[in-house]
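Numbering (mature numbering (1 follows the signal peptide of the UniProt record, and there is no 0)) for the sequence shown: -19 to -1, 1 to 358. Read through the structure below, which is laid out as structure tokens, and then see the notes.
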Amino acid sequence: MTRRAAAAAACALAVVATAAGCGSAPTADAQSSEAGKAGSVADLGGLDKLVEAAKKEGKLNVYALAPDWANYGEMIAAFEEKYGIKVNNENPGGSSQQALNAAAKRKGQDRAVDALDLGTAYMQDAKAKKLLAPYKVKGWDSIPDEQKQADGSFLNNYGGYISIGCDAKAVKECPETFKDLLKPQYKNKVALNGNPTESSSALSAVFAASLANGGSLDDIQPGLDFFKELKTKGNYVPAESTLATIQKGETPISIDWDYLNLGYGDKLKAKGVDWKVTVPSDGQYSLYYNQGVNKYAPHPAAARLWLEFIYSPEGQNIWLKGYSRPALLEPMEKDGTADKAAAAKLPDVSGTPKSADTEQEAAAKEKVVQGWGKAVG
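Structure representation (structure tokens):
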């Protein structure tokens, strides 16, 4: 995810680059602990035992979880209040690649990332690097097979649709399709939420643009061609779109997840910004983000409790309040535990959006890493 590529503190960057210099090694081998070997809450004797072990650890390390992203601010605050465990959310403006780097380079350090929230291509990288500890949450059986890894290494978390956000006061006529974005009236106005070579949200925008221009889930090149044309016409703004840049008028049109654009709309309304959100009919693309436990988590019980919390009805409803679609929404609607008011606010989308599978997303990421600089550089 982009989580809005921001520079990390100098020490953090040094650790990512060298895996040395900052942070000390944990006093115990987290992998060999009872919690570190647990593949489910049952392995620890139940949820109460897991809570007890997590409270003894007293801390949870996460990375690049922006408070405005799918309601993460409320999620973290609710977890801290419920369990009395301090959440260290490092570099909230970071990207998926930075989070992956932090997990890979900090093995054996007490500041290593405990749990990861990544787009599929990046989570696949984490799995390939053998960074993930298999763990199946209590709601595992209710999640469709296509939304989880059979070995428990990671599973879908929350998702949404690529959308176009637009400042209706700054833009005379808001675009509704990718084709519209090429119009001369949008010169110096169209931005992405990050760099698609590091960000799942931006990569998904390139996927959506490809679908809108004759491409497919197996062929993302038309998406690169689209952004090249957008840049050639002068419409593309090479600045990361955030709540702040929108408010300042620097990125009046943003291609981003619908739950982010809708959340921005709530906050921008008080600032006098009329932020309109549209899911483009010519490039409908949806995707889930994924959750996994770091095999080298210095707080293995807290990491597993974090997953249990976000996949509980309480956690899933917090995603809903942030306009995203939680993985367990369907079974929760059936058993009556879903927040009906929050679910009713989700935008209606006509048609059938497409979603890349793990192999397609990994191949597209490689293609975009190779071609993005040529397209917009």
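Positions of the beta carbon are idealized from the N, C-alpha and C atoms, including for glycine.
With a Cβ-Cβ cutoff of 9 Å, do residue i and residue j count as a contact?
i	j	result
lysine 110	alanine 85	yes
serine 76	alanine 96	no
leucine 28	tyrosine 270	no
leucine 286	valine 32	yes
alanine 282	alanine 59	no
tyrosine 277	leucine 136	no
alanine 114	glycine 273	yes
isoleucine 309	isoleucine 124	Checking the sequence shown, residue 309 turns out to be leucine, not isoleucine. Contact: yes.
serine 336	leucine 268	yes
leucine 224	aspartate 49	yes
serine 293	lysine 119	yes
If you count every other CB in all the chains shown that lies within 10 Å of the CB of residue i, and 16 or more means buried, which is it?
i	result
alanine 322	exposed
alanine 23	exposed
serine 134	buried
glutamate 289	buried
glutamine 351	exposed
serine 331	exposed
threonine 101	buried
lysine 229	exposed
asparagine 275	buried
proline 307	buried
glutamine 166	exposed
Say whether chain D places a C-beta atom closer than 9 Å to the C-beta of residue i.
i	result
alanine 308	The displayed structure is made up of one protein chain only, and chain D is not part of it.
Excluding the five sequence neighbours on either side, which residues of its own chain have a C-beta within less than 8 Å of the C-beta of residue i, listed in chain order?
i	result
tyrosine 217	Val171, Ala172, Phe208, Leu211 and Val357
isoleucine 227	Gly146, Asp148, Pro233, Ser235, Tyr245, Leu249, Val254 and Trp256
alanine -8	The predicted position of alanine -8 is uncertain, since its pLDDT is 33 and thus under 50; a value taken from the coordinates is nonetheless stated next. Cys3, Glu71, Asn72 and Ala83.
Ordered along the chain, which non-local residues of its own chain (more than five positions away) have a Cβ less than 7 Å from that of residue i?
i	result
aspartate 237	Ser144, Gly146, Asn174, Ser182 and Ser222
glycine 196	Gln202, Pro203 and Gly204
valine 260	Tyr142, Ser144, Asp239, Pro328 and Val330
glutamate 231	Ala220
With DSSP as the reference, please indicate the residues paired to residue i in a beta bridge.
i	result
leucine 113	Asn275
arginine 306	Gly140
leucine 173	Glu221 and Ile236
glycine 146	Ser235 and Val258
valine 43	Asn70
lysine 18	In DSSP, lysine 18 forms no bridge with anything.
Cutting at 6 Å between CB atoms, please list the residues of its own chain near residue i, excluding the five before and the five after it.
i	result
leucine 243	Val258 and Tyr304
lysine 88	Tyr277
alanine 345	Ile201
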